[in-house]
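Basically the numbering used here = 1-based index in the sequence shown + 17.
Note that CB positions come from ideal geometry on N, CA and C, so glycine has one too.
Below is one structure, written out as structure tokens; comments come after it.
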Amino acid sequence: MGKFLSKRILMGAILFMLASSVYLIAEAISAQAWTNPEYSYSFHYISDLGVSKRLLIDDGREVYSPLAGVMNTGFILYGILSAGSYIAVLPLIKDKAKWSVLGFALIQGVGNVLVGLFPGETYDYASMHIIGAAMAIVGGNCTLLLMGIYLKLKKQGYIVKAIALLLGNFGLIMLVTFLLTNADHSAVFERLSVYTMTAWNLIFGFWLIKKYKIQQYAL
Numbered sequence: 018m019g020k021f022l023s024k025r026i027l028m029g030a031i032l033f034m035l036a037s038s039v040y041l042i043a044e045a046i047s048a049q050a051w052t053n054p055e056y057s058y059s060f061h062y063i064s065d066l067g068v069s070k071r072l073l074i075d076d077g078r079e080v081y082s083p084l085a086g087v088m089n090t091g092f093i094l095y096g097i098l099s100a101g102s103y104i105a106v107l108p109l110i111k112d113k114a115k116w117s118v119l120g121f122a123l124i125q126g127v128g129n130v131l132v133g134l135f136p137g138e139t140y141d142y143a144s145m146h147i148i149g150a151a152m153a154i155v156g157g158n159c160t161l162l163l164m165g166i167y168l169k170l171k172k173q174g175y176i177v178k179a180i181a182l183l184l185g186n187f188g189l190i191m192l193v194t195f196l197l198t199n200a201d202h203s204a205v206f207e208r209l210s211v212y213t214m215t216a217w218n219l220i221f222g223f224w225l226i227k228k229y230k231i232q233q234y235a236l
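Written out as structure tokens, the structure reads:
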């Protein structure tokens with residue numbers, strides 16, 4: 018791999034890890050700020066962290082996020098950083114799938130930006146927040162599936178590809194379960210459908226840096 022491509026892949030690895038780090042930090046900070054009510058990871062949705070108004074959502078969830086701006090900024094930055102990370106590592110994707118991977122990666126990136134720009138104050142199916150969330154979760158997990166199939170890795174990379182496939186499938190299954198479940202703790206399934214992407218970014222970014230040491234990576 019040439020010096021330019023090595024630096025490009027290194028940048029992608031850093032962006033993957035930075036995207037998830039920014040998201041997780043924003044989530045933790047905004048969740049900690051809840052006092053009345055207290056934030057519950059199993060009852061409240063991720064999107065509730067971005068609602069700055071005191072509201073009672075249709076299903077009975079009372080929400081009020083004092084640091085909603087932190088979470089919404091986290092959503093937006095995650096969308097930009099994650100999309101950028103996939104653009105940076107496109108040379109690692111088989112040629113026939115590059116446009117598909119790029120398309121789904123951009124869909125999830127734009128979706129996350131929409132989630133941050135249009136907080137989840139309403140769950141009308143025509144709301145920009147719902148549209149953005151669907152783009153982010155479906156687009157992101159489909160990107161993982163494509164990465165698991167079309168990454169150009171040597172034999173020692175089969176574990177990484179298997180992880181991508183496992184997480185992508187699990188994320189979509191959790192999304193369907195969330196949509197079909199009407200229980201107090203259905204937020205758990207929503208969270209799991211999102212954390213697959215968060216986990217993948219950290220795993221893949223770390224793997225690119227640690228295992229292949231970038232410059233030694235061979236296409």
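Contact defined as beta carbons within less than 8 angstroms: I believe residue i pairs with residue j. What is the distance between those atoms, to the nearest angstrom?
{"i": "residue 163", "j": "residue 121", "result": "6 angstroms"}
{"i": "residue 210", "j": "residue 191", "result": "4 angstroms"}
{"i": "residue 54", "j": "residue 79", "result": "5 angstroms"}
{"i": "residue 93", "j": "residue 134", "result": "7 angstroms"}
{"i": "residue 130", "j": "residue 97", "result": "7 angstroms"}
Helix, strand or coil for residue i? Go by DSSP, reduced to three states.
{"i": "residue 154", "result": "helix"}
{"i": "residue 207", "result": "helix"}
{"i": "residue 72", "result": "strand"}
{"i": "residue 44", "result": "helix"}
{"i": "residue 131", "result": "helix"}
{"i": "residue 202", "result": "coil"}
{"i": "residue 149", "result": "helix"}
{"i": "residue 28", "result": "helix"}
{"i": "residue 56", "result": "coil"}
{"i": "residue 224", "result": "helix"}
{"i": "residue 212", "result": "helix"}
{"i": "residue 51", "result": "coil"}
{"i": "residue 144", "result": "coil"}
{"i": "residue 235", "result": "In this predicted model, residue 235 has a pLDDT of only 47, less than 50, meaning its place in the structure is not dependable enough to derive any value."}
{"i": "residue 8", "result": "Residue 8 falls outside the range modelled here, since the chain spans only 18 to 236, and no answer is possible."}
{"i": "residue 62", "result": "coil"}
{"i": "residue 185", "result": "helix"}
{"i": "residue 139", "result": "coil"}
If we call anything under 7 angstroms between Cβ atoms a contact, is residue i one with residue j?
{"i": "residue 29", "j": "residue 106", "result": "yes"}
{"i": "residue 56", "j": "residue 43", "result": "no"}
{"i": "residue 152", "j": "residue 124", "result": "yes"}
{"i": "residue 223", "j": "residue 206", "result": "no"}
{"i": "residue 218", "j": "residue 36", "result": "yes"}
{"i": "residue 40", "j": "residue 95", "result": "yes"}
{"i": "residue 132", "j": "residue 149", "result": "yes"}
{"i": "residue 137", "j": "residue 59", "result": "no"}
{"i": "residue 82", "j": "residue 72", "result": "no"}
{"i": "residue 187", "j": "residue 213", "result": "yes"}
Please report how far the alpha carbon of residue i lies from the alpha carbon of residue j, in whole angstroms.
{"i": "residue 70", "j": "residue 169", "result": "47 angstroms"}
{"i": "residue 46", "j": "residue 88", "result": "8 angstroms"}
{"i": "residue 159", "j": "residue 185", "result": "6 angstroms"}
{"i": "residue 156", "j": "residue 200", "result": "25 angstroms"}
{"i": "residue 68", "j": "residue 171", "result": "45 angstroms"}
{"i": "residue 6", "j": "residue 182", "result": "The first residue shown for the chain is 18 and the last is 236, placing residue 6 beyond what the model contains."}
{"i": "residue 167", "j": "residue 85", "result": "38 angstroms"}
{"i": "residue 99", "j": "residue 31", "result": "10 angstroms"}
{"i": "residue 236", "j": "residue 110", "result": "The predicted position of residue 236 is uncertain, since its pLDDT is 44 and thus under 50; a value taken from the coordinates is nonetheless stated next. C-alpha separation (whole angstroms): 9 angstroms."}
{"i": "residue 116", "j": "residue 101", "result": "14 angstroms"}
{"i": "residue 128", "j": "residue 227", "result": "30 angstroms"}
{"i": "residue 61", "j": "residue 126", "result": "23 angstroms"}
{"i": "residue 118", "j": "residue 74", "result": "35 angstroms"}
{"i": "residue 147", "j": "residue 33", "result": "24 angstroms"}
{"i": "residue 23", "j": "residue 225", "result": "11 angstroms"}
{"i": "residue 113", "j": "residue 180", "result": "21 angstroms"}
With DSSP as the reference, please indicate the residues paired to residue i in a beta bridge.
{"i": "residue 106", "result": "For residue 106, which the question treats as bridged, DSSP gives no partner whatsoever."}
{"i": "residue 168", "result": "110"}
{"i": "residue 80", "result": "72"}
Using a Cβ-Cβ distance under 7 angstroms, would residue i count as near chain C?
{"i": "residue 171", "result": "This model lacks chain C altogether; it includes just one protein chain."}
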